[in-house]
């Protein structure tokens, strides 16, 4: 069973569109994250939720809105997509006595 | 300047060589992680350290809290070790700050 899953794996869309990326973890973890990896492969945290509550919100444009319907899910909705949003987005989870974060497989977003 | 710096940025070695990747950080941390990202893109956590040394198979990670420095060593390197190795430090609220990664290539 996949511990942290993301859908879709690839997303190609036009500038100006609105899109969502979904993340689910079956580890029973309380904390979930969204990270962005840019074209230079540099990872940077975007958001963190603990038990459905936002605890970290880095300087991310408000076009990005995370939503956590329950502690097993953290979805990322992006409005008015821009070329600079093209990147790989990773979801991760942490908790339950684990000593590390578990990463999803990533979603490669390409904005044309 | 990034809060987490890795060296070298790129490393090419022959199979069997002993590999060392370094990580220096400038902030107070509660833990340091070493991650591995394979060419396919997936990220796997290798170690989490808050002090001393950990070993897993051919991989060894050390940390010196006073010097704010960590090293990842690979013994008897193999082509399947080729990947990007990323150092990340954890500070407050479970936030991870990442280094820029070290691209390791092991030639047969």
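Protein chains in written order, with the numbering used here: chain V, 1 to 112; chain F, 113 to 220. All C-beta atoms in this analysis are idealised placements derived from N, C-alpha and C, irrespective of residue type, glycine included. Remember, it's a predicted structure, so these values are computed and weren't measured experimentally.
Worksheet item: Any idea which residues DSSP pairs residue 66 (chain V) with across the strands?
Response: V:76
Worksheet item: Taking residue 104 (chain V) as the reference, which of V:32, V:16, V:20 has the closest Cα?
Response: V:32
Item to complete: Answer yes or no: does any C-beta atom of chain V fall closer than 7 Å to that of residue 136 (chain F)?
Response: no
Worksheet item: How would you list, in chain order, the residues of chain F whose beta-carbon sits under 8 Å from the beta-carbon of residue 42 (chain V)?
Response: 210, 212, 213
Discussion item. Taking the straight line between their C-alpha atoms, what separation do you get for residue 50 (chain V) and residue 201 (chain F)?
Written reply: 19 Å
Discussion item. Across the stretch 205-216 of chain F and the stretch 34-42 of chain V, are there enough close Cβ pairs to call them in contact, namely three or more that are closer than 8 Å?
Written reply: yes
Worksheet item: For chain F, is any of its Cβ atoms less than 7 Å away from the one on residue 105 (chain V)?
Response: yes
Discussion item. Looking at chain V, is there any beta carbon in it that lies within less than 7 Å of the beta carbon of residue 207 (chain F)?
Written reply: yes
Item to complete: Kindly confirm or deny that the stretch 166-182 of chain F and the stretch 138-155 of chain F touch, where touching means at least three C-beta pairs closer than 8 Å.
Response: yes
Worksheet entry | Check whether residue 196 (chain F) and residue 115 (chain F) have beta carbons under 7 Å apart | no
Discussion item. Using 7 Å as the threshold, is the C-beta distance between residue 175 (chain F) and residue 161 (chain F) below it?
Written reply: yes
Practice prompt. Taking residue 7 (chain V) as the query, report the chain F residues whose CB atoms sit under 7 Å from its CB, ordered along the chain.
Written response: Per Cβ cutoff of 7 Å: no residues; residue 7 (chain V) is ~15 Å from chain F at best.
Worksheet item: Going along chain A, which residues have a C-beta under 9 Å from residue 169 (chain F)?
Response: Protein chains V and F are contained in the structure displayed, whereas chain A is not.
Worksheet item: Got a sec, what are the start and stop residues for the beta strand (DSSP E) residue 162 (chain F) sits in?
Response: Run containing residue 162 (chain F): none; DSSP gives neither H nor E here.
Fill in: Backbone CA spacing between residue 127 (chain F) and residue 171 (chain F) [nearest angstrom]
15 Å
Discussion item. If contact is defined by three or more beta carbon pairs under 8 Å, each pair taking one atom from either stretch, is the stretch 15-26 of chain V in contact with the stretch 73-90 of chain V?
Written reply: yes
Discussion item. Rounded to the nearest angstrom, what separates residue 186 (chain F) and residue 14 (chain V) at their Cα positions?
Written reply: 43 Å
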